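Participant: Taking my numbering, the leading residue of the sequence shown gets 31, the next gets one more, and so forth.
Note that CB positions come from ideal geometry on N, CA and C, so glycine has one too.
These numbers were taken from a predicted model, which means no experiment stands behind them.
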Amino acid sequence: MKYFLRFLCFLLLFCLAVSAGAEGIKFTDIEPGKEYAINLKKVTELKGSDYESLFYRLAQGSATDGKYAYVAALRRNVNGGLFKVDLKDWSVVNMVYGLDFGHANDLVFNTKKNELYAVYLDRPHSQKLVRIDPDTLEINGEVELSFPFYAVSYNETRDQYAFGRGGGYTIVLTDGDFNYLKLLPGVNTGLARQGMDCDDKYLYFLHWDSKNHKSQMMVYDWDGHHINTIKINNYIEVESMFHIGDDYYITFLSNYPRIYKATLVEQ
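Next up, the structure:
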């Protein structure tokens, strides 16, 4: 009986460990020195409701206000479209196209000011954010910064923006009014720099290896220390990411913009 009870305890502990692994690890629990991977489960593929909108197939930046996701898509890299997606059921509640927001390499939502921005990226406007009305999805202004950038994210707790600085892998922090705070180091991976996200603890940068068709996530703390490099288990080109609470989502470039739920597991 004693050995049988020990076996039952062992079986219970094993089942709990398997269950925890299936559910994943919180992104804020990432530690240096450990090996992780990101598994993906597709939640939606975005398409417009009219013929013209179906040509906006090239996924770019994404962001969320906690209720809706906003996902940019291009038509042959020359014209912009923007999807507004209800996070309750992943339905497209609005889609506008013909927007002049450049490459829209990343999107960011300032939850304190209810402001949505797109990273223009394309020269000679590599220092420009395009402001978009989150209700109508129409462009309603722009902000010119003092440095070039390719990605941006916002943290409400800190009331700070983090930018991937153009021309390299360094990181720029500003306050909530885009006033420069500091420059942080970054690891030069030699890979294509895509979108980013952040939370109270970490900054997350997405990189794409076009030669080997592999994606990875670079994780830094808010002081610029490189915490970990995490492989993403997908061969499709990674584009951008956003999160709601402990749920993190990554968008990919495919036939149409795809959104996947990301699950972090330890290897």
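#1: For LEU70 and HIS243, I'd like the C-alpha separation in whole angstroms.
#2: By the three-class DSSP mapping on this structure, what secondary structure does ASP17 have?
#3: Considering only the alpha carbon of each residue, which of ASP230, ASN258, LYS64, SER270 lies closest to ALA222?
#4: Would the region 118 to 127 and the region 75 to 89 be scored as touching if the rule is three or more Cβ pairs under 8 Å?
#5: Quick check: what's the CA-CA separation for GLN246 versus THR166?
#6: So the beta strand (DSSP E) ASN293 belongs to, where does it begin and stop?
#7: State the start and end residues of the unbroken beta strand (DSSP E) segment that holds THR219.
#8: Closest to GLY96 by CA distance: which of THR187, ALA103, GLY54, THR141 is it?
#9: Quick one: give me the first and last residue of the beta strand (DSSP E) that ALA99 is part of.
#10: Tell me which same chain residues have a C-beta within less than 6 Å of the C-beta of GLY216, skipping the five on either side of it?
#11: Does the region 83 to 91 come close enough to the region 57 to 73 that 3 or more CB-CB pairs lie under 8 Å?
#12: Within 10 Å of its beta-carbon, does TYR81 have 16 or more other beta-carbons around it, so buried, or fewer, so exposed?
#13: Keeping to the same chain, check which residues put their C-beta closer than 7 Å to that of GLY51; ignore five residues upstream and five downstream.
#14: Can you grab the Cα-Cα spacing for the pair GLN297 / PHE235, in whole Å?
#15: Identify whether GLY51 lies in helix, strand or coil by the three-state DSSP scheme.
#16: Below 8 Å between beta carbons: does that hold for HIS256 and TYR265?
#17: Is the beta carbon of MET248 closer than 8 Å to that of THR219?
#18: Suppose the cutoff is 7 Å on Cβ atoms and the five residues either side in sequence are ignored; what does the same chain contact list for ALA93 look like?
#19: What does DSSP give as the partner residue(s) for HIS237 in the beta ladder?
#20: Going by DSSP in three states, LEU84 sits in which element: helix, strand or coil?
#21: Flag this pair as yes or no: are the beta carbons of LEU117 and ILE280 separated by less than 8 Å?
Facilitator: Considering the structure as presented:
#1: 16 Å
#2: No statement about residue 17 is possible, as the shown extent of the chain runs from 31 to 297 and does not include it.
#3: SER270
#4: yes
#5: 34 Å
#6: Looking at the sequence provided, one finds Thr at residue 293 rather than Asn. Looking at the DSSP string, the run of the beta strand (DSSP E) that includes THR293 is 288 to 296.
#7: If you look at THR219, you'll find it isn't in any beta strand (DSSP E); DSSP assigns it neither H nor E.
#8: Among THR187, ALA103, GLY54, THR141, the Cα nearest to that of GLY96 is on THR141.
#9: 98 to 105
#10: The residues are TYR199, THR200, ILE201.
#11: no
#12: exposed
#13: Bear in mind that the predicted position of GLY51 carries a pLDDT of just 45, short of 50, making it unreliable; the figure below should be weighed with that in mind. Correct list, in chain order: VAL295.
#14: So the two alpha carbons sit approximately 20 Å from each other.
#15: Residue confidence for GLY51 is low, a pLDDT of 45 falling below 50, so the modelled location carries little weight; the figure read from the coordinates is stated next. The answer is helix: DSSP assigns GLY51 an H, G or I state.
#16: In this structure, TYR265 does not lie closer than 8 Å to HIS256 by Cβ.
#17: yes
#18: Same-chain partners within the cutoff: TYR100, LEU137, VAL138, PHE139, LEU146, PHE272.
#19: Beta bridge pairing from DSSP links HIS237 with ARG223, GLN246.
#20: LEU84 carries a helical assignment under DSSP once its states are collapsed to helix, strand and coil.
#21: no
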